[in-house]
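K.L.:
Going line by line, the protein sequences match chains D and G. Using full-length UniProt numbering, you'd call the opening residue of the first sequence number 1 and step up by one each time. Using full-length UniProt numbering, you'd call the opening residue of the second sequence number 1 and step up by one each time. Glycine included, C-beta positions come from ideal geometry on N, C-alpha and C. Because the structure is a prediction, the values reported are computed rather than measured.
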Amino acid sequence: MVAQVERKRLTAGLTVTQKVFVRSRNGGATKIVREHYLRDDIPCLSKLCNLCPSIMKPDAKGEFQKFTLSDTPLKLANGGHHYLVLDTNIVLHAIDLVENVHGFFDVLVPQTVLEEVRNRSVPIYTRLRALCKSDDKRFVVFHNEFSEDTYVAREANESINDRNDRAIRRTCSWFQKHLNDNSPQLSVNIIFLCNDNDNRAKAITEGIDARTLAEYVEALPNADELRDLVPTDSSELQRVNEIAYPEYYSTARLMGGIKNGTLYQGIVNISSYNFLEGAVNVPSFKKPLLLLGRERLNRAFNGDSVVVELLPKSQWREPSSQIIEESAVEANDTPEDEEELKISDQERRLLAQDAMVSHKTQPTDEVASRIQPTAKVVGIIRRSWRFYVGQIAPTSVSENSGSAPSNCFVILMDKCLPKIRIRTRKAPELLGKRIVVAIDSWPSTSKFPEGHFVRSLGDVESAEAETEALLLEHDVEYRPFSKNVLDCLPSEGHDWKVPTDLDGDEFIKKRKDLRAKLVCSIDPPNCQDIDDALHAQLLPNGNYEVGVHIADVTHFVKAGTALDAEGASRGTSVYLVDKRIDMLPMLLGTDLCSLNPYVERFAFSVIWELDSDANIVKVDFMKSIIKSREAFSYEKAQLRIDDESNQDDLTKGMRILLQLSRKLKQKRLDAGALNLASPEVKVHMDSETSDPAEVEIKKQLATNSLVEEFMLLANISVARKNFDAFPQTAMLRRHANPPATNFENLNDMLRVRKGMAVSLESSKALADSLDRCEDPADPYFNTLLRIMATRCMMAAEYFSSGSYGYPEFRHYGLAVDIYTHFTSPIRRYCDVVAHRQLAAAIGYEPLDLSHRDKGKMETVCKNINRRHRNAQFAGRASIEYYVGQVMKNNESTQLGYAIRVFSNGIVVLVPKFGIEGLIKLESLGDINSARFDEENYSLTFTDHTGAERTIAVFDQVEVDIKSVLDEVTSKRKAELFLK
Amino acid sequence: MKLSPAERSYLHDSLALQPPIRPDARSPAQFRPLEASISFLPSSNGSARIRLSDGSECIVSVKSKVVLTANVSSLILVDVDVSGYRDDSNFVSNLNYHLQSILNSHFPTAVLRLTSRYSFKIFVDCVVLLHTSYPLGLLSLTTYLALKTTSLPKLVSEVNDEEVEEQPTFSDDWDQSTPLIPTNSTFQPPLLFVVAVVGDNVFIDPSREEQEVSENGMIIGYETQGVISPFNNISLSDREVKGMKLLHVIKAHLLVKKCGEEVLKALNSVAKDEGGNAIF
């Protein structure tokens with residue numbers, strides 16, 4: 001039976017038809033019937049058209065669509081004035097080119113294309129939408145699926161792709177005819193860009209001017225600028241098969257396998273020491289599954305969501321104890337090296353060496369316990385592909401290529417990723433520059449992923465290029481805020497004042513006037529975004545009143561606005577050594593919300609009554625108006641408190657705060673809060689030249705912990721209140737107990753090397769045992785151990801309270817049962833949500849629907865967790881870069897500690913500069929004489945003077961620190977050499 | 001409707017005559033006129049509706065779901081809903097039982113197998129909107145038509161998943177769906193006929209008045225090959241129930257055999273003729 005669905009006219013401009021299809025989801029199959037309405041008044045949006053302005057109707061707001069397509073579009077030598085129609089494959093593969101400001105104007109995006117793009121890639125879809133919104137590129141969406149003239153019904157036995165292709169072609173030919181009929185003043189051609197040969201051929205027979213992307217770019221007057229941006233078309237490049245990666249399984253098989261538990265899904269995590277070793281954490285196994293070697297990784301990238309299959313038990317292995325960097329394995333590869341075998345012999349040898357280790361050692365219990373299951377990738381669910389920053393490998397550029405496009409390799413800054421093959425004419429020019437590349441595909445016959453050049457960031461090692469590179473590498477949104485985000489800001493701008501009329505509207509009536517309280521803020525020096533301020537006073541009953549006042553960001557950032565969406569997507573502000581990437585626009589962050597001194601500000605206050613032992617007697621939450629009396633830096637606050645001659649009320653309040661904070665801290669430590677360490681350093685910038693001048697370790701003052709304690713207290717109180725009010729969707733933060741397996745290695749090293757152990761029963765036990773681990777000979781050992789213990793911890797994460805049971809809310813590090821982030825809404829989005837929830841909990845204003853929806857909250861949490869992590873990494877990378885720069889002038893010999901020992905190198909941490917570096921066996925001494933004692937975590941080798949040396953984990957070593965430019969990645973890093 | 005003793009006696013006597021006279025002048029093997037239409041529920045896999053001249057009306061919809069064969073006891077599930085009766089009443093559960101059991105025993109569920117692990121399970125939902133006489137015959141005819149018009153989404157993944165499990169995937173094109181009962185297939189869905197016994201005569205498709213005076217009733221299964229089980233006895237009226245004679249059984253068998261063939265032909269032409277599908 002063929003569905004003979006006809007159209008039925010309902011009213012003059014409206015026709016209805018129906019679509020019948022099968023939805024196959026999770027193995028099910030459901031027949032779906034949809035009514036589909038067609039109109040005859042969808043305008044073509046060309047300024048040239050004489051007809052459409054008269055037929056179009058206003059939208060629900062009574063507004064008319066803007067006609068965007070230019071009345072004098074670009075004229076080509078072989079195509080005349082033209083508008084472009086893009087096919088889906090062009091948008092998907094060449095979005096960078098389409099976004100380019102030097103070409104691609106007056107573009108028509110059929111709705112069919114928009115929908116296909118959305119189904120294939122959401123990030124590209126959002127970029128395309130952004131293009132259509134901005135006026136300068138003159139992109140329009142034509143809703144061809146809803147237009148009577150361009151709608152096509154699916155034909156019998158036609159695949160949906162063919163049908164969509166036909167719909168796009170129909171749109172092209174309709175447009176051409178429409179323009180011919182209705183714009184006599186200028187003849188405009190429709191050029192259909194399509195890289196699909198079949199579709200293009202059909203279009204040409206239908207009389208459409210269809211071209212490939214490359215053909216069109218060549219026809220442009222500024223072809224030279226754009227030519228290199230044309231992505232590699234895999235169908236054009238018929239390579240000799242360099243390698244045969246196993247094909248991925250079909251989706252049906254992957255889904256079936258995951259369902260019945262024979263295949264596992266997880267995120268690939270490539271070892272930072274060995275680019276051929278990946279691990280996938282799968283809930284079914286205690287230990288991560290190892291992916292060893294190119295073939296097993298099967299084209300997976302770091303961060304991809306993949307499906308893996310276990311290998312037979314005979315192939316289970318220990319994680320490799322070697323350091324393998326791609327540069328070492330393939331330094332002499334050339335991109336056209338066609339005779340390359342399936343796997344390079346060098347790789348084989350390295351793998352075989354690994355294999356030998358695991359075979360040689362008798363399967364004693366200890367080895368058996370270290371054996372990990374191995375697996376291979378059989379499918380990729382979602383690629384983590386994004387823009388990557390790297391630079392062209394000089395060896396891969398052939399000298400005499402001239403202007404013909406040639407293949408060359410781009411080595412990415414991220415060492416966990418393989419190099420990327422691009423085709424460019426400009427390779428010689430781009431040598432020594434940081435460039436951005438995008439990946440197009442990774443066919444199973446190609447040893448390396450294929451990509452194309454996007455843009456150049458500038459010279460390697462220039463501060464701007466490096467900063468932008470690391471922002472890109474960590475997926476930090478650093479573009480300026482868009483216009484519709486800035487439109488959400490108060491129109492008064494910097495002149496905004498707290499209203500004088502406190503009976504103005506219902507909201508201001510609910511605010512409490514706290515301007516009489518002696519509030520002050522304590523922050524790092526030169527802090528511009530002051531999130532928090534404090535006050536304290538003695539109450540007549542002998543208790544203390546303590547108030548924490550947080551910037552009332554949600555007064556300005558209302559849920560559902562573009563500003564809110566931007567904040568939610570940025571998730572956090574990012575702090576680099578020389579730069580801050582704001583989550584919210586400057587106007588809010590540093591002025592209107594910031595609790596600056598001497599001015600009135602809106603705040604969200606938490607006010608406790610604490611007894612003299614810092615127990616909470618009562619807690620109140622309120623929206624308020626405050627006036628900060630002073631903004632202190634930590635040092636100034638310390639000085640003011642220490643100076644006995646200050647007896648004013650403000651200083652007295654600060655003394656109360658300090659005294660209470662000590663009690664709070666003691667209580668926290670008694671409950672088992674961890675005092676962990678990370679080698680944090682600060683880079684001082686020379687203020688004149690903004691060159692980094694020196695590095696120092698961050699100092700802790702008592703006033704630091706004063707602020708911290710009350711912020712913790714506020715966060716805990718708010719978390720309880722929000723969880724009470726919204727048991728399913730409260731925004732909380734948890735820190736899971738570290739799994740014992742994380743500490744196995746550390747404990748073993750401690751036992752073997754120092755005869756000590758840390759216990760893991762509870763955070764209290766861990767804290768106590770860490771305190772006990774003291775080496776009298778080495779005062780730094782305890783801190784070193786804390787640094788290493790920190791790395792065994794789980795990362796804290798944001799979550800919505802419905803996702804876990806109450807016992808799992810625990811914050812392990814802080815040893816509290818419930819926690820959230822409330823105190824920094826200017827720079828963290830979690831706090832914004834917590835503010836809104838608290839405001840709703842105290843009846844200030846109703847809570848936006850999105851913060852009451854479990855699914856939406858989970859999406860928000862997932863994003864801010866990722867952003868938070870990326871921001872941390874970006875911050876560390878920035879410090880690493882600047883430390884490298886500082887070391888250029890400060891090469892010295894320092895004390896370091898071996899923290900990991902491999903069979904071909906050691907990892908050393910230098911506490912003074914917070915540098916951690918790998919020293920390879922080659923630079924240590926003689927490679928052949930080296931003996932790696934795995935049981936004792938030690939490496940014995942003959943050094944360059946001929947003497948035999950043994951270095952084991954925790955050993956103190958003297959190292960030379962030099963600033964070295966890595967030749968392969970062109971990253972300047974402080975590199976260590978054993979003295 | 002209650003018949004007066006005079007009406008009852010008149011009706012009974014005329015039906016017991018040789019040859020009998022039915023109140024609406026039908027022959028013993030003749031059905032009441034009916035109007036059938038198919039495929040009118042757009043989101044069902046198959047559907048049918050039959051209306052009788054007295055206003056009785058029945059709607060049947062068939063929907064499908066992919067299941068793991070090992071997890072379900074039956075691949076066909078019938079659900080009957082009769083307006084005015086509770087779902088757990090004897091009346092409804094009896095109707096349900098009759099339809100379910102004949103499908104269980106005479107519908108080759110092999111056609112529902114997708115792969116070695118997965119099958120379609122079909123849900124046959126019947127609604128009797130209005131009925132005057134015992135609605136089983138009506139239900140059975142409508143169910144037959146609905147099953148005849150049922151299509152199932154086309155499987156595009158591997159059929160053999162014995163060794164390696166695959167999640168079934170289907171073509172998104174509804175036009176590619178395959179009929180549950182292929183046009184050239186040898187089997188057809190089974191039918192149930194209701195036969196009333198008055199005196200020595202048997203009548204197919206008894207009307208309400210005929211049921212009232214009947215002395216006995218039978219439910220008889222039929223398939224392309226001929227009469228099949230069940231061959232059940234049922235009382236169609238609360239009074240005048242008498243014993244069954246061998247003669248009745250033989251006559252009923254012959255009757256069903258005779259009209260079964262014609263009914264099938266008529267229903268098949270309905271199923272073939274109408275393209276259906278238009279929802280407007």
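Three or more C-beta pairs closer than 8 angstroms, one from the stretch 647-661 of chain D and one from the stretch 870-877 of chain D: is that the case here?
P.N.:
Counting Cβ pairs under 8 angstroms, fewer than three are found: no touch.
K.L.:
For residue 980(D), collect the residues of the same chain with a Cβ closer than 8 angstroms to its Cβ; drop the 5 residues on either side in sequence, then sort them by chain order.
P.N.:
With chain D covering only 1 through 979, there is no way to say anything about residue 980(D).
K.L.:
Under 9 angstroms Cβ-Cβ, which residues of chain G neighbour residue 204(D)?
P.N.:
Stepping through the first sequence from its first residue, residue 204(D) is reached at position 204. Neighbours of residue 204(D) on chain G: none; closest Cβ ~27 angstroms, over 9 angstroms.
K.L.:
Taking C-beta to C-beta, are residue 764(D) and residue 705(D) nearer than 8 angstroms?
P.N.:
Indexing the first sequence from 1 puts residue 764(D) at position 764. Indexing the first sequence from 1 puts residue 705(D) at position 705. Taking 8 angstroms as the Cβ cut-off, residue 764(D) and residue 705(D) do not qualify as a contacting pair.
K.L.:
Determine, using beta carbons only, whether residue 204(D) and residue 110(D) come nearer to each other than 8 angstroms.
P.N.:
Here residue 204(D) is taken as the residue at index 204 of the first sequence, counted from 1. Here residue 110(D) is taken as the residue at index 110 of the first sequence, counted from 1. Result no, Cβ atoms of residue 204(D) and residue 110(D) do not sit closer than 8 angstroms.
K.L.:
Exposed or buried, residue 157(D), counting other C-beta atoms within 10 Å across all chains shown (16 or more means buried)?
P.N.:
Indexing the first sequence from 1 puts residue 157(D) at position 157. Exposed, by the Cβ-count rule.
K.L.:
Say whether chain G places a C-beta atom closer than 8 angstroms to the C-beta of residue 31(D).
P.N.:
Start at 1 with the first residue of the first sequence, and residue 31(D) comes out as number 31. So yes, residue 31(D) belongs to the interface.
K.L.:
Taking the beta carbon of residue 893(D) as the centre, do at least 16 other beta carbons fall within 10 Å, making it buried, or is it exposed?
P.N.:
The residue given as residue 893(D) occupies position 893 in the first sequence. Residue 893(D) is exposed by the Cβ-count criterion.
K.L.:
Hey, would you say residue 197(G) sits closer than 8 angstroms to residue 121(G), going by beta carbons?
P.N.:
Taking the first residue of the second sequence as 1, we reach residue 197(G) at position 197. Taking the first residue of the second sequence as 1, we reach residue 121(G) at position 121. Cβ distance not < 8 angstroms, so residue 197(G) and residue 121(G) don't count as in contact.
K.L.:
Is there at least one Cβ from chain G nearer than 8 angstroms to residue 259(D)'s Cβ?
P.N.:
For the purposes of this step, residue 259(D) is identified with residue 259 of the first sequence, where counting begins at 1. Yes, because at least one Cβ of chain G sits closer than 8 angstroms to the Cβ of residue 259(D).
K.L.:
Just checking my contact of residue 883(D) with residue 896(D) at CB under 8 angstroms: how many whole Å lie between their CB atoms?
P.N.:
As a working mapping, residue 883(D) is identified with position 883 in the first sequence. As a working mapping, residue 896(D) is identified with position 896 in the first sequence. About 14 angstroms; that fails the 8 angstroms criterion.
K.L.:
Using a Cβ-Cβ cut-off of less than 8 angstroms, list which residues of the stretch 12-28 of chain D approach chain G; keep chain order.
P.N.:
Cβ contacts with chain G: 16, 18, 20, 21, 22, 23, 24, 26, 27, 28.
K.L.:
For the alpha helix (DSSP H) containing residue 812(D), list its first residue and its last residue.
P.N.:
Locating residue 812(D) in the first sequence gives position 812, counting from the first residue. Looking at the DSSP string, residue 812(D) is not in any alpha helix (DSSP H), and its letter there is neither H nor E.
K.L.:
Check whether the stretch 5-16 of chain D and the stretch 31-41 of chain D are in contact - that is, three or more C-beta pairs closer than 8 angstroms.
P.N.:
Contact holds: three or more Cβ-Cβ distances are below 8 angstroms.
K.L.:
Take every Cβ of the stretch 719-727 of chain D, pair it with every Cβ of the stretch 775-793 of chain D, and state whether three or more of those distances are shorter than 8 angstroms.
P.N.:
Flag = no, the stretch 719-727 of chain D and the stretch 775-793 of chain D do not touch.
K.L.:
Counting along the chain, where does the beta strand (DSSP E) carrying residue 72(G) start and finish?
P.N.:
Position 72 of the second sequence, counting from 1, holds the residue named residue 72(G). No beta strand (DSSP E) contains residue 72(G), which DSSP labels as neither H nor E.
K.L.:
Check whether the stretch 450-469 of chain D and the stretch 220-230 of chain D are in contact - that is, three or more C-beta pairs closer than 8 angstroms.
P.N.:
Short answer: they touch.
K.L.:
At 8 angstroms on the CB atoms, spell out the chain D contacts of residue 176(G), in chain order.
P.N.:
Mapped onto the second sequence, residue 176(G) falls at position 176. The contacting residues are 157.
K.L.:
Can you pull out the residues from the stretch 42-66 of chain G whose beta carbon lies closer than 9 angstroms to at least one beta carbon of chain D?
P.N.:
Within the stretch 42-66 of chain G, the residues whose Cβ lies closer than 9 angstroms to some Cβ of chain D are 42, 43, 44, 45, 63, 64, 65, 66, listed in chain order.
K.L.:
Name the chain D residues whose beta carbon is nearer than 9 angstroms to that of residue 116(G)?
P.N.:
For this step, residue 116(G) is matched to residue 116 along the second sequence. Per Cβ cutoff of 9 angstroms: no residues; residue 116(G) is ~12 angstroms from chain D at best.
K.L.:
Three or more C-beta pairs under 8 angstroms: does that hold for the stretch 860-870 of chain D against the stretch 829-840 of chain D?
P.N.:
Contact holds: three or more Cβ-Cβ distances are below 8 angstroms.
K.L.:
Helix, strand or coil, according to DSSP, for residue 867(D) in the structure here?
P.N.:
Sequence index remark: in the first sequence, residue 867(D) carries index 867 (1-based). Helix, per DSSP.
K.L.:
Helix, strand or coil: which one does DSSP assign to residue 752(D)?
P.N.:
Here the question's residue 752(D) lines up with position 752 in the first sequence. Helix.
K.L.:
Taking all protein chains shown into account, decide if residue 558(D) is buried (16 or more other Cβ within 10 angstroms of its Cβ) or exposed.
P.N.:
Counting from 1 along the first sequence, the entry for residue 558(D) is found at position 558. Exposed is the call here.
K.L.:
Pull out every residue of the stretch 376-389 of chain D whose Cβ sits closer than 9 angstroms to any Cβ of chain G, in chain order.
P.N.:
Cβ contacts with chain G come from no residue of the stretch 376-389 of chain D.
K.L.:
Could you tell me whether any Cβ in chain G is nearer than 8 angstroms to the Cβ of residue 334(D)?
P.N.:
Indexing the first sequence from 1 puts residue 334(D) at position 334. At residue 334(D) the pLDDT is 43, less than 50, meaning the model places this residue with poor confidence and gives no usable figure here.
K.L.:
If you compare alpha carbons, which of 971(D), 749(D), 471(D) is closest to residue 578(D)?
P.N.:
Translated into positions along the first sequence, residue 578(D) becomes position 578. The candidate whose alpha carbon is nearest that of residue 578(D) is 471(D).
K.L.:
Compute the Euclidean distance between the alpha carbons of residue 539(D) and residue 825(D), then round it to the nearest angstrom.
P.N.:
Stepping through the first sequence from its first residue, residue 539(D) is reached at position 539. Stepping through the first sequence from its first residue, residue 825(D) is reached at position 825. C-alpha separation (whole angstroms): 30 angstroms.
K.L.:
Leaving out the 5 sequence neighbours to the left and right, which residues in its chain are closer than 6 angstroms to residue 707(D) when beta-carbon positions are compared?
P.N.:
By one-based count along the first sequence, residue 707(D) stands at place 707. The residues are 522.
K.L.:
Entirely within the stretch 185-253 of chain G and at least 4 residues each: give me those alpha helix (DSSP H) ranges in chain order.
P.N.:
List check, alpha helix (DSSP H) in window: 208-213.
K.L.:
Leaving out the 5 sequence neighbours to the left and right, which residues in its chain are closer than 7 angstroms to residue 133(G) when beta-carbon positions are compared?
P.N.:
If you number the second sequence from 1, residue 133(G) lands on position 133. 206, 207, 208, 211.
K.L.:
Under DSSP, the alpha helix (DSSP H) around residue 97(G) begins and ends at which residues?
P.N.:
In the second sequence, counting from the first residue as 1, residue 97(G) sits at position 97. Segment 90-106, the alpha helix (DSSP H) holding residue 97(G).
K.L.:
Are the C-beta of residue 250(D) and some C-beta of chain G separated by less than 8 angstroms?
P.N.:
As a first step, residue 250(D) is located in the first sequence; it is residue number 250 there, counting from the start. Chain G, which has a Cβ nearer than 8 angstroms to the Cβ of residue 250(D), makes this yes.
K.L.:
Does any CB atom of chain D fall closer than 8 angstroms to the CB of residue 215(G)?
P.N.:
Residue mapping note: residue 215(G) aligns to position 215 of the second sequence, counting from 1. Taking Cβ atoms only, chain D never reaches closer than 8 angstroms to residue 215(G), which makes this a no.
K.L.:
Name the chain G residues whose beta carbon is nearer than 8 angstroms to that of residue 154(D)?
P.N.:
As a position in the first sequence, residue 154(D) is number 154, starting the count at 1. What residue 154(D) touches in chain G: 173, 175.
K.L.:
Can you list, in chain order, the residues of its chain with a C-beta nearer than 7 angstroms to that of residue 590(D)? Leave out the 5 residues immediately preceding and following it.
P.N.:
Here the question's residue 590(D) lines up with position 590 in the first sequence. So the qualifying residues of the chain are 528, 529.
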